[in-house]
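Each residue of the sequence shown is one higher than the last, beginning at -4 in my numbering.
Think of the CB as a built atom: it goes at the ideal place given N, C-alpha and C, for glycine as much as any other residue.
Let me begin by presenting the structure, written as structure tokens, before commenting on it.
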Amino acid sequence: MSQPLPSSRPPSNTRALAAAVAAAREAGDLMKKNLRRAKQVNESHQHDIKLELDVVCQKLITRALATVFPSIPVLGEEGIDAASEKAVARWVVDPIDGTVNFAYGIPHAAVSIALEVRTEDGFKSEVGVVYDPFMDDLWTAIRGKPARLNGRITQVSTRARLDESIVSLGFAKNQDSLQAAQADFLELTHRVRKLRIMGSAALALTYVACGRFDAYVEAGVRLWDIAAGGLIVECAGGSFVTQSLPGEHRFCLIASNGLIHDQIPHARTTGAKLKSPSPKGESKVRTRSKSQSQS
């Protein structure tokens, strides 16, 4: 098990969680107020939109976090502090995950904030917060403790058959990732109960964590999309497996309840099978049950 580097002094996870929750709620309130209003578009591409409100929300989150932890840098979708690559700890922030949904007035987007701590094996999320302001759903996790939805312990589903499962599929922005997702769509659509393409990686992960979805697959997703949600899946007893891709902070991933993990086609961008860390996720389920029984 990875441990923080000896010279590190990471912040208290409890304090970090409280700060992240407060920042996420503040940004979420701003999102909710602006959902139906006209929005300033800073960049527009075929498969993506960048809003001025993305920038405003990241600045808001950065200020809120810096009030409590002034020395911890931010790695975010709307700007990366150069110090974040060498820091002992860093915040990983997506101020609006699901920007295209939000820009079109679709109330399916979220704030994602994670605290990563440097270990001997690289950075690992220790705290995760995902807030959906439109449903007022708040998912939280601290590594080693049960995941929670609105303060109550939440768990992944217990479905063990792919043909009875709902699987979420993500379509990233570049051509290679789009082609990989198209191939996964063609295979999965005949093997699962339903496919869902919702447009927010953070919410897809949290939906796996609380059993609304049984799995989520995407190639080409970025770190700020998944740093918080991936930890929440793990703390809810699920499997969260990633593989690095060429390009800055890009990954393919499979997140699942653990029981159907190895029935899911691989993310074809890398051509590599992403295996569950334990057969059928069994040890993950046991770990979840033990930690929750102690809470």
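L55 is not a Cβ neighbour of W86, given a cutoff of 8 Å. In the structure shown, the three-state DSSP call for A222 is helix. Short of 6 Å from the beta carbon of L60, and not among the five residues preceding or following it, lie these beta carbons of its own chain, in chain order: A14, A18 and W86. Annotation: the segment 84 to 120 contains the following complete segments of the alpha helix (DSSP H) (minimum length 4 residues), in chain order: 94 to 98. The criterion of a C-beta distance shorter than 8 Å is satisfied by V162 and L183. In this structure, the CA atom of V112 is about 28 Å from the CA atom of D131. Partner residues in the beta bridge of L144, as assigned by DSSP, are W134 and R147. The C-alpha of P90 lies about 16 Å from the C-alpha of I101. Segment contact: the segment 137 to 149 against the segment 235 to 255, fewer than three CB-CB distances shorter than 8 Å; contact not assigned.
Under the Cβ criterion (8 Å, minimum of three pairs), the segment 249 to 259 counts as touching the segment 194 to 213. Around the beta-carbon of E159, fewer than 16 other beta-carbon atoms lie within 10 Å, marking it exposed. Assigned with DSSP and collapsed to three states, G232 falls in coil, not helix or strand. Residues of the same chain with a CB within less than 8 Å of the CB of E47, apart from the 5 flanking positions on each side, are K34, Q35, V36 and N37 in chain order.
As the crow flies, the alpha-carbon of A199 is around 25 Å from that of R32.
Taking the Cα positions, R186 is about 39 Å away from C52.
Secondary structure note for G71: its beta strand (DSSP E) is the uninterrupted segment V69 to G71. In this structure, D127 is the residue among D220, D127 and P65 with its C-alpha nearest to the C-alpha of L30. For G23, the enclosing alpha helix (DSSP H) starts and ends at N8 to N29. Of the residues assessed, Y99 falls on the exposed side of the cut-off, its CB having fewer than 16 other CB atoms within 10 angstroms. Contact between L12 and T135 holds: CB atoms are separated by about 6 Å, below the 8 Å threshold. If you draw a straight line from the Cα of L133 to the Cα of V124, it is about 7 Å long. About 5 Å separates the beta carbons of A22 and V106, which is inside the 8 Å limit, making them a contact pair.
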